[in-house]
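Protein chains: 6
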Amino acid sequence: MQLLKELTLESLEASQYEHLTLEVSQHVATVTLSRPDKANALNMQLWAEIGQVFEAIDQVADIRVVILAGEGKHFCGGIDLAEFSAIFTAKRDCEGRFRERLRRQILAMQDSFTAIERCRVPVIAAVHGAVIGGAIDMITCCDMRYASCDAKFSIREIDIGMTADVGTLQRLPKIIPDGIMRELAYTGREFGAEEARTMGLVNSIAKDKPALDMLVGELATEIASKAPLAIRGTKEMILFSRDHSVEEGLNYIATWNSAMILSDDIQQAMKSRMTKQTPEFKN
Amino acid sequence: MQLLKELTLESLEASQYEHLTLEVSQHVATVTLSRPDKANALNMQLWAEIGQVFEAIDQVADIRVVILAGEGKHFCGGIDLAEFSAIFTAKRDCEGRFRERLRRQILAMQDSFTAIERCRVPVIAAVHGAVIGGAIDMITCCDMRYASCDAKFSIREIDIGMTADVGTLQRLPKIIPDGIMRELAYTGREFGAEEARTMGLVNSIAKDKPALDMLVGELATEIASKAPLAIRGTKEMILFSRDHSVEEGLNYIATWNSAMILSDDIQQAMKSRMTKQTPEFKN
Amino acid sequence: MQLLKELTLESLEASQYEHLTLEVSQHVATVTLSRPDKANALNMQLWAEIGQVFEAIDQVADIRVVILAGEGKHFCGGIDLAEFSAIFTAKRDCEGRFRERLRRQILAMQDSFTAIERCRVPVIAAVHGAVIGGAIDMITCCDMRYASCDAKFSIREIDIGMTADVGTLQRLPKIIPDGIMRELAYTGREFGAEEARTMGLVNSIAKDKPALDMLVGELATEIASKAPLAIRGTKEMILFSRDHSVEEGLNYIATWNSAMILSDDIQQAMKSRMTKQTPEFKN
Amino acid sequence: MQLLKELTLESLEASQYEHLTLEVSQHVATVTLSRPDKANALNMQLWAEIGQVFEAIDQVADIRVVILAGEGKHFCGGIDLAEFSAIFTAKRDCEGRFRERLRRQILAMQDSFTAIERCRVPVIAAVHGAVIGGAIDMITCCDMRYASCDAKFSIREIDIGMTADVGTLQRLPKIIPDGIMRELAYTGREFGAEEARTMGLVNSIAKDKPALDMLVGELATEIASKAPLAIRGTKEMILFSRDHSVEEGLNYIATWNSAMILSDDIQQAMKSRMTKQTPEFKN
Amino acid sequence: MQLLKELTLESLEASQYEHLTLEVSQHVATVTLSRPDKANALNMQLWAEIGQVFEAIDQVADIRVVILAGEGKHFCGGIDLAEFSAIFTAKRDCEGRFRERLRRQILAMQDSFTAIERCRVPVIAAVHGAVIGGAIDMITCCDMRYASCDAKFSIREIDIGMTADVGTLQRLPKIIPDGIMRELAYTGREFGAEEARTMGLVNSIAKDKPALDMLVGELATEIASKAPLAIRGTKEMILFSRDHSVEEGLNYIATWNSAMILSDDIQQAMKSRMTKQTPEFKN
Amino acid sequence: MQLLKELTLESLEASQYEHLTLEVSQHVATVTLSRPDKANALNMQLWAEIGQVFEAIDQVADIRVVILAGEGKHFCGGIDLAEFSAIFTAKRDCEGRFRERLRRQILAMQDSFTAIERCRVPVIAAVHGAVIGGAIDMITCCDMRYASCDAKFSIREIDIGMTADVGTLQRLPKIIPDGIMRELAYTGREFGAEEARTMGLVNSIAKDKPALDMLVGELATEIASKAPLAIRGTKEMILFSRDHSVEEGLNYIATWNSAMILSDDIQQAMKSRMTKQTPEFKN
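What follows is the structure in structure tokens.
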């Protein structure tokens, strides 16, 4: 069965990135955006690395949950405008071909972020400081979001004169109330952690970055202690439900569980309940 | 027109169930889970009876609204684990056939709960005490949920090492915010009535079980006093909207109302407005 | 390119309506329901004019945002029952043909409201006093809703014995939580501005009608100052997302932006950021 | 696991029907419409029995393929008009309720036919003589259709002034070319076996009824000799593909086969290839 | 009920078009493209008029079927290239706005053709001579197509270097086999009437234009003699089925017929069967 | 714009494959399955290479069309059973994990074939000799199929006791008539080139392999001479249409062409028409 992409934990840990770091500890991977002097602004290199690291993590059975965080004062200030504006000076041999290439480029950028969503284990965003523009697109691909009090959010794309095109307008309406979504997208206004919590964008708030790291770390540890196969199935089902009818979702999980339900985990979990001991699961 | 399944109120009231009770009064049916010594845990018998009772109610024009409640200290503690674990010891003649049978079994279990959703009149869940695992799957099929202060909820499936497969992962994401949904599904953590209200899982809270019964009883009486045909049409439309685009929904209601709108109810309702009297509707 | 419907600002401003007024100022159009002696009740004339005015606005590139408000003590008391009840006395030559005509009539009524949604710029509803029945259908077509403290809402259709058929049951479930939605639709109970805000129906509340006008006016001015093409693209994407999967939405915006992204606006916006001046955009 | 509906072959064979017969031989069930003096016209009794017999067959693992045929000179002359016209004289207490009941009645009639499609094993229609109106709706639920030379087909509904409502307009466009479909539906014109074959409605033609019975019998025997689990999976996948995108279909079969593929059948089939013997499969 | 657009036969007949003619006789409308010196090439005026005439016909209950034909030696040679190439010289103030306008222009052109499909009665295309490019887009909106022997077809867009954008690539794959569709679209090769019939693009062939007119005239007369309401319902259902699942289609027709089935037509049709007389239907 | 995967023709031609060959000439790439001693049976290596080569071709703008053929006496005899049966002896640590891995493996195998469909230029299958099992799955991903007289086809999966899971059951029903599709899938019977042509699986037939190569070569040359951007757009639209409604397809192409239509190709093509010279297009 060679077609299947699978990676060992060792080779994952050995991989090198320029603008992000990856640490793994006790089944929890922590991906940290690491371009702190630029507020972790998304240049093309970082953009590509995000896709690569999540695609790699997806292939390592040892990882059970991922934390996505940012180094320095801000989570992420959005797209690197210097690079972005290069599309205006790009040579255009033929208008049509230039546009075709532009479309493929946008699809490739989306795809890097979508790797977060496709990653089979839960991804927790831990955000602080600036969470702007492309950073919003990025965290809507995560399963859950937690913030420190100082976090400042903004769907900033409108202020550089563009229609957001890497996920915010597609995913955020499925996360927060429709009316609020539109106000934020049309005005680009900044909002804080408390408002983000009220609207459901973040689940809860910590008083500062260290407290946030602790909160998210504990949550990750908790999730990592659960039966891995059931966690992966749960993520698949929630994603499927978002884009399908209830009836289609029911049929899908019935078919899925006819294959997956009889795992060692379930026996392990049952036994633990009786012996009142913490279950130990395989990856 | 014999193909149509229709039932009289009398035959409905005459039906017997082992683990639930059914009472009808003034167009309001109350279905009560009744296995109090087991916290109303869902064994296969109870599971089957839930499907049967709601399928029967659907066929009785006299019923205008249903209350679903639980007897004893808890609404429902979830699946009966003793029965559930039997699938591990089931004889497996052929792996493929065993899995096919498992899939059909899950579909059958889902179908019992879906009977609540398919029932043409509104179903109100009144929950107290433990509302765990399969109980969550069950109440997401109801139209609305109300709780007493002591209610404790948990998507518990993850703790027995399984991916929930009878509706929670399909219906709950369409009821509560996506980020919260995932946190609850991944951690299985318990949450109380107040948090359930904040996230939109329950509409409001009563101070205790008797107060809850009163609250829900009044609501049921209120709904039962409305034009029955319009109530049934409203449920159909809300369900249809959940799984279709707005454009499809608009076309559907236009076609629907071209048939249903000219009822006696509407004339009755109009007349009542003028005479300031309470309208009396046919079933 | 004559097929394209386009209108000048002048011809728009010259158009006359019987039951509504249209004012344009600084790229902001204000449509005011104007039948104050009848609480702006929706008779067929007003209903038709709503469709006409939004279809016209859609064709005027100069307009960047629309405010929808009501004159007098109430935003809108719903359908004009006198006209509505005429369908009961309508001559019915053939039952089938009468029903076909009824269906086409409902579709036409829906279509007038849908013109608000189809209008390519954001539409802000500013509501006060009574917001009843058909008025709810109407404001769910708007992008965002704001209210004064005195606003009173009700999905009243159930009380005239009918299943709402001009949009509430299709659009409201995509705006507010499902459980609340059903309670309101089944009971028709009145709710105030604060509750409307909590459930996400309105974004924020002003203390009275003048404060509401100011709040909404400032918001409109803000949106009108943004890059128009990006605003129009944002509305298109949010609407598309509501009725499609995330994957379909991502592909759509990639294709869209391969055409639209290289606008003068984006260059204008970038330049403004550097010069710290307010950008001036073309229509 | 009592929820699952399963039936023994014995109890199936013991069931009695008024207007159809059921024979089982070597895993092949033959359902024969048996109201020959009325050209097997569909009265409500027969209509209901079709649903019942296919629902029962679906629950008997022993049956691997079904033949649907007609006794006497014709396969089926369509709906029994005497019964059908009763809906015109039905008492109508309230227009709205009457229409609601009518809708539920049509859904029930459709459901009887859909039982053929839902039956997990292939159903082969063997048609001769008249195949008119409701008979077309019925055979479009079958997997494949075969005819004798004398077969005469007609989508007759238009000639009794009605829009066909039990399946033809939904399923036939997915079987024959669109342009031909519309011509036949608008004109109700009769067409013969050869034209039916050319358009893809029937797969092949036999010279007379006995030859047809032989042709279809051999085909049934052939299918019954294949691995039953794989045949059932194949039917499920083809049905799913009809109503879903290719991408959804691929994901579904991958999930399905992760459960079903490792059956005894596949080992049996592999072994047979090597030993050049006919494989013997479990039900 | 003023919102509903309805037109009298008289006002329809009084309308004037520059490049097409409209004749009505015995419930049959014949729309003839009439720019014979240009092979009925589609300039913007003709394009707009096609939309107008079919939108008008849709509103006249007297019309029961439409024939679409071409005057002179050819049915239609496709888009008028002189006008089309104007888009290259169009002034482009802002790239983004120019593209937005282009998109709206294409949508408007599509919409004119879609009026044929939306027209509630069947539309029969009678084609002869050249049927090229845009003409193919146009006839795929018709219900059925008939040709004379001399007809020559070509999906010509590829030869002017463009991706066809007014319907061929969306509708033709739902009419002819997929493999053939792609060959024709990629090569733009010409094909004759006989091949068109074999692939299902046209239903049958007449030896020359007069024979075609007779064939199509008789078919139109036949359809016009059927129950009009049932014909209109049939078209609606076939269109709905094309874009929905079988299950959705079944639910739709059940709801539809609960409104429409009890027409005078059905009683008329039944009576005619007994008296063996030709039924006379209301419009 | 580094995220975009693009490849030069040189690096494509330099790539090496074990079981297939790749030749490029005049914008036409020919991929030849090359394991002739095994009838080009699909082992995992070949399977993987098919995905790789089509993914690579997709990134080379120079390639305008692809031919997929087989070396030796047969196009492809299907899956390599020796490798396939290894899944039965695979070590299974945990039943659930084994099934999860199996599912991912099937998805990976599907994905290799889907690379043919995702490749942005047309892919022409030229088949001869045996075209069995997995080979059918593979050619249904191609745009068009052509065969020599000696070709023998069979959906063979049923004969190894499995439900086909790499594309046939998802794509073939969208290519050939539904009734025939099912017969072939249930019986696994062999059929020849002529029958394949009649049912629409292949577009036309050549008398032998050399004639087939000539036929397909000429077709490829013809397509390669067309405007490349328009060809790529056409493929995208046909694929989109297969899985979406007509209305969605129309909106998509309008958006697409607002970006792509103004290419050099269209100007080149127009000029060529006037000068009657063969146009020369950029890649």
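So the sequence lines, in the order shown, correspond to chains A, B, C, D, E and F.
Quick note on numbering: UniProt numbering labels position 160 of the first sequence as 160, and the sequence is numbered without any gaps.
Quick note on numbering: UniProt numbering labels position 258 of the second sequence as 258, and the sequence is numbered without any gaps.
Quick note on numbering: UniProt numbering labels position 224 of the third sequence as 224, and the sequence is numbered without any gaps.
Quick note on numbering: UniProt numbering labels position 232 of the fourth sequence as 232, and the sequence is numbered without any gaps.
Quick note on numbering: UniProt numbering labels position 109 of the fifth sequence as 109, and the sequence is numbered without any gaps.
Quick note on numbering: UniProt numbering labels position 73 of the sixth sequence as 73, and the sequence is numbered without any gaps.
Glycine residues also receive a C-beta, built at the ideal position from the N, C-alpha and C atoms.
Note to self: Restricting to Cα atoms, I'd like to know which of Glu6/B, Asp111/B and Ile106/B is closest to isoleucine 57/B.
What the structure shows: Glu6/B
Next item on the list: Please name the residues in the stretch 228–243 of chain E whose beta-carbon is closer than 7 Å to at least one beta-carbon of chain D, in chain order.
Entry: Ala230, Ile231, Gly233, Thr234, Met237, Ile238, Ser241 and Arg242
Check: Is the CB of lysine 276/C under 8 Å away from at least one CB in chain A?
Finding: no
Notebook entry, point to check: Going along the chain, which residues of its own chain have a beta-carbon closer than 7 Å to the beta-carbon of alanine 48/D, five neighbours each way excluded?
Noted result: Ser112
Next item on the list: Examine the Cβ distances between the stretch 211–219 of chain E and the stretch 68–85 of chain C and report whether three or more of them are shorter than 8 Å.
Entry: no
Note to self: Residues of chain F with CB closer than 7 Å to the CB of arginine 145/D, please, in chain order.
What the structure shows: Gly179
Checklist line | Closer than 8 Å to chain E by CB, glycine 96/C | finding: yes
Notebook entry, point to check: If we count the other Cβ atoms within 10 Å of its Cβ and call it buried at 16 or more, is serine 11/E buried or exposed?
Noted result: With fewer than 16 other beta carbons inside 10 angstroms of its own, serine 11/E counts as exposed.
Note to self: 8 Å is my cut-off, CB to CB: does threonine 255/F come that close to chain C?
What the structure shows: yes
Next item on the list: List the residues of chain E that leucine 169/D touches, going by C-beta distances under 8 Å, in chain order.
Entry: Thr234, Met237, Ile238, Ser241, Gly249 and Ile253
Next item on the list: Taking proline 122/B as the query, report the chain C residues whose CB atoms sit under 8 Å from its CB, ordered along the chain.
Entry: Arg182 and Tyr186
Notebook entry, point to check: Should serine 263/E go down as buried or exposed, given a rule of 16 or more other Cβ atoms within 10 Å for buried?
Noted result: buried
Notebook entry, point to check: Rounded C-beta distance between valine 123/D and valine 66/D? I'm assuming under 8 Å.
Noted result: About 5 Å; that satisfies the 8 Å criterion.
Next item on the list: Pick helix, strand or coil for tyrosine 252/A, following the three-state DSSP scheme.
Entry: Secondary structure of tyrosine 252/A (DSSP, three-state): helix.
Check: Once you ignore the five residues that flank isoleucine 175/E on each side, which residues in its own chain have a CB closer than 8 Å to its CB?
Finding: Thr140, Gly200 and Leu201
Checklist line | Three CB pairs or more closer than 8 Å across the stretch 272–282 of chain E and the stretch 182–200 of chain D | finding: Too few Cβ pairs lie closer than 8 Å, so no.
Check: Is the Cβ of phenylalanine 88/D closer than 8 Å to any Cβ of chain E?
Finding: yes
Check: By DSSP, does arginine 145/E sit in helix, in strand, or in coil?
Finding: strand
Notebook entry, point to check: Buried or exposed: where does threonine 8/D fall if 16 or more other Cβ atoms within 10 Å of its Cβ makes it buried?
Noted result: With fewer than 16 other Cβ atoms inside 10 Å of its own Cβ, threonine 8/D counts as exposed.
Check: Are the beta-carbon atoms of cysteine 149/B and lysine 207/B separated by less than 8 Å?
Finding: yes
Check: Among residues of its own chain, excluding the 5 on either side of methionine 44/E, which ones have a beta-carbon nearer than 7 Å to its beta-carbon?
Finding: Glu83
Notebook entry, point to check: Any idea what DSSP makes of leucine 4/F, helix, strand or coil?
Noted result: Leucine 4/F falls in the coil class under three-state DSSP.
Next item on the list: Could you check which residue in Arg156/D, Glu71/D and Phe54/D has the C-alpha nearest to that of isoleucine 79/D?
Entry: Arg156/D
Margin query: Is methionine 1/D close to chain E? Criterion is C-beta to C-beta, closer than 8 Å.
Written below: Since pLDDT at methionine 1/D reaches only 46, below the 50 mark, its modelled position is unreliable, and no value is offered.
Note to self: Taking 6 Å as the limit between beta carbons, can you name the residues of its chain near threonine 30/B, skipping five residues before and five after?
What the structure shows: Glu23 and Ile67
Check: Is it true that the CB of leucine 239/F sits closer than 8 Å to the CB of glutamate 117/F?
Finding: yes
Notebook entry, point to check: Using a Cβ-Cβ cut-off of 6 Å (strictly less than) and excluding sequence neighbours within five positions of threonine 21/F, which residues of its own chain qualify?
Noted result: Thr32 and Ser34
Next item on the list: List the residues of chain E that leucine 154/D touches, going by C-beta distances under 9 Å, in chain order.
Entry: Note on residue identity: the sequence assigns serine, not leucine, to residue 154/D. None at all; the shortest Cβ gap to chain E is about 13 Å.
Checklist line | Beta-ladder partner(s) of glycine 70/C, from DSSP | finding: Residue pairing from DSSP places glycine 70/C in a beta bridge opposite Leu33/C.
Check: Rounded to a whole number of angstroms, what is the C-alpha to C-alpha distance between glycine 72/D and threonine 187/D?
Finding: 28 Å
Check: Taking Cβ positions only, does serine 258/A come closer than 8 Å to chain D?
Finding: yes
Check: From the beta carbon of methionine 162/A, is the nearest beta carbon of chain C less than 8 Å away?
Finding: yes
Notebook entry, point to check: Counting Cβ pairs, one atom from each stretch, are 3 or more of them under 8 Å apart for the stretch 223–234 of chain F and the stretch 253–273 of chain F?
Noted result: yes
Notebook entry, point to check: Pick from Ala125/C, Ser245/C and Lys209/C: whose alpha carbon is nearest that of alanine 69/C?
Noted result: Here the closest residue by C-alpha is Ala125/C.
Notebook entry, point to check: Looking at the unbroken alpha helix (DSSP H) that takes in isoleucine 238/A, where does it start and where does it end?
Noted result: DSSP places isoleucine 238/A inside the alpha helix (DSSP H), whose first and last residues are 228–243.
Check: Beta-carbon separation of isoleucine 253/B and leucine 169/C under 8 Å?
Finding: yes
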